[in-house]
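Enquirer: Right, I'll just put the structure down here and ask away after.
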Amino acid sequence: MRELRELSEETNTNNSNKSRKNRKQRQRKMSVGQKLFQTCNQVFASTHPGLVPSPQHIDMLRTVLAGITQEDVGLKPDMPYFTTSNPRRIPKITYLHIYVCEQFSMGIFCLPPSGVIPLHNHPGMTVFSKLLFGTMHIKSYDWVVDSPPHMQTIVKSSETKAPDMRLAKVKIDADFNGPCDPTILYPADGGNLHCFTAVTACAVLDVLGPPYSDPDGRHCTYYHNFPYSSVDGTSIGEEERASYEWLQEKEKPEKFRVLGKMYSGPKIVEY
Numbered sequence: 001m002r003e004l005r006e007l008s009e010e011t012n013t014n015n016s017n018k019s020r021k022n023r024k025q026r027q028r029k030m031s032v033g034q035k036l037f038q039t040c041n042q043v044f045a046s047t048h049p050g051l052v053p054s055p056q057h058i059d060m061l062r063t064v065l066a067g068i069t070q071e072d073v074g075l076k077p078d079m080p081y082f083t084t085s086n087p088r089r090i091p092k093i094t095y096l097h098i099y100v101c102e103q104f105s106m107g108i109f110c111l112p113p114s115g116v117i118p119l120h121n122h123p124g125m126t127v128f129s130k131l132l133f134g135t136m137h138i139k140s141y142d143w144v145v146d147s148p149p150h151m152q153t154i155v156k157s158s159e160t161k162a163p164d165m166r167l168a169k170v171k172i173d174a175d176f177n178g179p180c181d182p183t184i185l186y187p188a189d190g191g192n193l194h195c196f197t198a199v200t201a202c203a204v205l206d207v208l209g210p211p212y213s214d215p216d217g218r219h220c221t222y223y224h225n226f227p228y229s230s231v232d233g234t235s236i237g238e239e240e241r242a243s244y245e246w247l248q249e250k251e252k253p254e255k256f257r258v259l260g261k262m263y264s265g266p267k268i269v270e271y
């Protein structure tokens, strides 16, 4: 009886070791896109607008993104995505769709030099971005919510149909050189509104959770930005003024062109 029990325990141990070995082999063979998909599937499994993943899940996805290189996704700065035939025209931007579902989306923005993604928001969304290569200027803002009593945060427009201007705090206004660590924007902080300007050809891997959805009220809204001093009666010191700007909703810029294409890397398997 003891011999049978010992044989059973030995068999279970061997099976467990084989299972771990097979799992490690599958992970080694797994494509970058598949690994990113499976991580996002876990991180955003129960997501909904405004719900931020747990710190453990944030770190998990950040680690996966940090390890992805331009070679992993088959991109080079000399590819057609990153060139423009007419330098006097605003260059179009290419978005490579990797995957999208109700919980999250994954894709890569390819920007030629001088390409611009205008100032826009991410309502109720957590956004992970990884600059794979190139130099990009990023300017980002958060809405001012808890302000001192003397600070005005909304300015009514004098025009009947023009949107009001709302006060935002500048979070980032700097150049970044890829590859660099992933950045994370949260639903209400971290620079939820941002603008990208390509100093050189560059590529940005983006993960949104949940993705934009007009039927669900998650619209992509674009904004004009104005200096804080452009409003009469401002009440903060000269040095502080550079940290604040007024934002006003606008229509999607007519010259902003994004060409959508499917990512040509290994196919993602859902299971």
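Everything in the sequence shown is counted per UniProt numbering, starting at 1 for the first residue and increasing by one. Built from N, CA and C at the ideal position, the CB exists for glycine as well.
1. CB-CB under 6 Å to His120, same chain, minus the five flanking residues each way: which ones, in chain order?
2. Use the C-beta contact count for Asn22: other C-beta atoms within 10 angstroms, 16 or more gives buried, fewer gives exposed.
3. Quickly, what does DSSP pair Asn177 with across the bridge? List them, please.
4. Within 10 Å of its beta-carbon, does His57 have 16 or more other beta-carbons around it, so buried, or fewer, so exposed?
5. Phe128 bridges to which residues according to DSSP?
6. Check whether the stretch 154 to 165 touches the stretch 87 to 94, counting contact only when three or more Cβ pairs, one atom from each stretch, lie closer than 8 Å.
7. Tell me whether Gln34 is buried or exposed, calling it buried when 16 or more other Cβ atoms sit within 10 Å of its Cβ.
8. Give the range of the alpha helix (DSSP H) segment to which Pro55 is assigned.
9. Taking 8 Å as the cut-off, decide whether the C-beta atoms of Pro210 and Phe37 are in contact.
10. How do the stretch 179 to 189 and the stretch 74 to 87 stand: do at least 3 beta-carbon pairs fall below 8 Å, yes or no?
11. Could you spell out the range, first to last residue, of the beta strand (DSSP E) harbouring Leu193?
12. Below 8 Å, how does it come out for the stretch 71 to 80 and the stretch 238 to 248: are there three or more Cβ pairs, yes or no?
13. Could you check what DSSP says for Phe37 in three-state terms: helix, strand or coil?
Expert: So, from the data block:
1. Shown here for His120: same chain residues with a beta carbon closer than 6 Å to its own, the five before and five after excluded, namely Cys220 and Tyr222 in chain order.
2. Low confidence applies here, because Asn22 scores a pLDDT of 48, under 50, leaving its location unreliable; read the following figure in that light. Here Asn22 is exposed, its C-beta having fewer than 16 other C-beta atoms within 10 Å.
3. Note: Asn177 sits in a beta bridge opposite Thr135.
4. Per the 10 Å Cβ criterion, buried.
5. Note: Phe128 sits in a beta bridge opposite Ile184 and Val207.
6. No: fewer than three Cβ pairs fall under 8 Å.
7. Gln34 comes out buried.
8. Here the alpha helix (DSSP H) through Pro55 covers Pro55 to Ala66.
9. Between Pro210 and Phe37, the C-beta gap is not smaller than 8 Å, which leaves the two residues out of contact.
10. Contact fails: fewer than three Cβ-Cβ distances are below 8 Å.
11. For Leu193, the uninterrupted beta strand (DSSP E) run begins and ends at Leu193 to Ala198, by DSSP.
12. Flag = no, the stretch 71 to 80 and the stretch 238 to 248 do not touch.
13. Note: Phe37 maps to helix in three-state DSSP.
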